[in-house]
Amino acid sequence: MKKLEQFKDDIYTCVRTRCGFCTQECPTYRDGLIESFASRGKMMQAKGLLEGEIKLSQELAESVFFCAMCGWCEAKCALHNVDIFKALRETLVEAGFTMPGNDLVAKNIIEKGDPLGSGRQTKIEGEVTLYLGCSYRDRPTDTERIVKVLTKLGIKPRIVEETCCANALYNTGYAKEFEKAKENFMKVYGPYINDTIITVCPSCTLTLREYYKLPKVVHASELIRELLPNAQIKKTGSKVTYHDPCHLGRGERMFDQPRDIIKALGYELVEMRLNREFSQCCGGGGGLQATATDTVKETAKRRIREAMDTGADYITTICPTCESTLFRAALACSREEKEKGTGRKIKSKDIWQLLEEALEV
Numbered sequence: 148m149k150k151l152e153q154f155k156d157d158i159y160t161c162v163r164t165r166c167g168f169c170t171q172e173c174p175t176y177r178d179g180l181i182e183s184f185a186s187r188g189k190m191m192q193a194k195g196l197l198e199g200e201i202k203l204s205q206e207l208a209e210s211v212f213f214c215a216m217c218g219w220c221e222a223k224c225a226l227h228n229v230d231i232f233k234a235l236r237e238t239l240v241e242a243g244f245t246m247p248g249n250d251l252v253a254k255n256i257i258e259k260g261d262p263l264g265s266g267r268q269t270k271i272e273g274e275v276t277l278y279l280g281c282s283y284r285d286r287p288t289d290t291e292r293i294v295k296v297l298t299k300l301g302i303k304p305r306i307v308e309e310t311c312c313a314n315a316l317y318n319t320g321y322a323k324e325f326e327k328a329k330e331n332f333m334k335v336y337g338p339y340i341n342d343t344i345i346t347v348c349p350s351c352t353l354t355l356r357e358y359y360k361l362p363k364v365v366h367a368s369e370l371i372r373e374l375l376p377n378a379q380i381k382k383t384g385s386k387v388t389y390h391d392p393c394h395l396g397r398g399e400r401m402f403d404q405p406r407d408i409i410k411a412l413g414y415e416l417v418e419m420r421l422n423r424e425f426s427q428c429c430g431g432g433g434g435l436q437a438t439a440t441d442t443v444k445e446t447a448k449r450r451i452r453e454a455m456d457t458g459a460d461y462i463t464t465i466c467p468t469c470e471s472t473l474f475r476a477a478l479a480c481s482r483e484e485k486e487k488g489t490g491r492k493i494k495s496k497d498i499w500q501l502l503e504e505a506l507e508v
């Protein structure tokens, strides 16, 4: 249990205090109201492992991996919760207790450089390196939109051969596989790692900045906010609410850039009850997409209902994972509300779509 030993003080502090702040809006705890689904329960499991009261098992793995790794609990706490969950996952993976969905993702990343295993590549000649990341590489329409928007704003993006940043491996405890994927990344992307790299996926941004320590990684929202004042914009009066992606908000502390973009495009920005530091996760992180699809759907629907409460016409975000989960949830919730006869509805559009319309590209 060496990986857990370094967090012993945090683990025992949590078990002694048992404040329960972590349970209040935890996406997985809300799914079943079971103690082990929340941070506090996982801390008790960690204590049990340290003291030999419980053993590593598949049953424990199913509980530990039932977590979005969204950082909500850490935002409400002074302890290093997410690092502890990662250590728990690494310990289980090393002992051979894994989830089949995560195993497949790991295999695809190592063998194909893509969690879905498609191996799709997009290459464009340009001046500034744009790292699409796996999600956008597998969505050519979105890739085309991103390139058009950046070009309209005066950036000439260059897209070269890519391989996955392996954030999914990092968060699901596949430590050895993550190091292998990192080696693959450095080999494939080596000629560009000292260049300015524009990222569009929050998970890629976090990984390249914090885990790879690349020197010049810039999230697209930072550039766009600077360039919009000089652009011709077709403004709209629609009302929008913004969903903070966990890795961009809590992870990289980028709360204002996307909001400033939305307001610069002429939208009325209204906030959901849970926003910024305490934004609710869409449910799509931490490996849940591969292991607990029903939980992802219900978590996203809860977020959509919160967006509906604002009276906004659209919910928007700037994360490919959040966008896809919220898009499906918005359709489902709007359909349910229609059946109830409430008339409540909301559409999901990511910020790239808002930019495309406002810049008329």
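Counting from 148, one number per residue, gives the positions in the sequence shown under my numbering. The beta carbon of each residue, even a glycine, is placed where N, CA and C say it ideally should be.
By the criterion of a C-beta distance shorter than 7 Å, L226 is surrounded in its chain by D157, T160 and C161, once the five residues flanking it on both sides are discounted. Of the other Cβ atoms in all chains shown, 16 or more fall within 10 Å of the Cβ of R406; this residue is therefore buried.
Straight across, the Cα-Cα distance linking V240 with L316 is about 11 Å.
Judged by pairs of C-beta atoms under 8 Å, the segment 172-187 does not touch the segment 250-257, as fewer than three such pairs exist. Taking the CA atoms as reference points, L279 sits about 15 Å from E470.
In chain order, D391, G396 and F402 place their CB closer than 7 Å to the CB of R423, counting only its own chain and leaving out the 5 sequence neighbours on each side. Here the alpha carbon of S426 sits roughly 21 Å from the alpha carbon of A479. The beta-carbon separation of A459 and K386, rounded to 5 Å, stays under the 8 Å limit for a contact. Beta-bridge pairing by DSSP links K381 to no other residue. In this model, R452 and P174 are separated by some 14 Å (Cα to Cα).
Cα atoms of M216 and L297: separation of roughly 31 Å, rounded to the nearest angstrom. Within the same chain, S183 come within 6 Å of S210 by CB-CB distance, once the 5 residues on both sides are set aside. The DSSP-derived three-state label of K492 is coil. The bridge partners DSSP lists for I345 are L277 and V365. DSSP places E221 within a helical segment (H, G or I) once states are collapsed to three. When the five nearest sequence neighbours on each side are left out, the beta carbons in the same chain lying within less than 6 Å of the beta carbon of E221 are those of N228 and V229, in order along the chain. Remark: C-beta atoms of A322 and T310 do not approach each other more closely than 9 Å. In the assembly as shown, M419 is a buried residue. Its beta-carbon has 16 or more other beta-carbons within 10 Å. In the structure shown, the three-state DSSP call for L502 is helix. The C-beta separation of E399 from T352 comes to about 6 Å, placing the pair in contact by the 8 Å criterion.
Here DSSP, grouped into helix, strand and coil, assigns V417 to coil.
Around the Cβ of N318, a 10 Å sphere holds 16 or more other Cβ atoms; the residue is buried.
R400 sits in coil when the DSSP states are folded into three classes, being neither helix nor strand.
Here I306 is bridged, per DSSP, to I271.
Within the segment 160-193, the runs of alpha helix (DSSP H) at least 4 residues long that lie entirely inside it are, in chain order, 176-179. Between the segment 433-451 and the segment 411-418, the count of Cβ pairs shorter than 8 Å is below three; the stretches do not touch.
For Y336, the closest C-alpha among the options K382, P376, T276 and K295 is that of T276. Straight-line spacing of the CA atoms in P376 and L501 works out to 16 Å. Around the C-beta of E373, fewer than 16 other C-beta atoms lie within 10 Å, and the residue is accordingly described as exposed.
Cβ atoms of Q192 and L203 stay farther apart than 8 Å, at about 10 Å. Taking all protein chains in view, the Cβ of A439 is crowded by 16 or more other Cβ atoms within 10 Å, so the residue is classified as buried.
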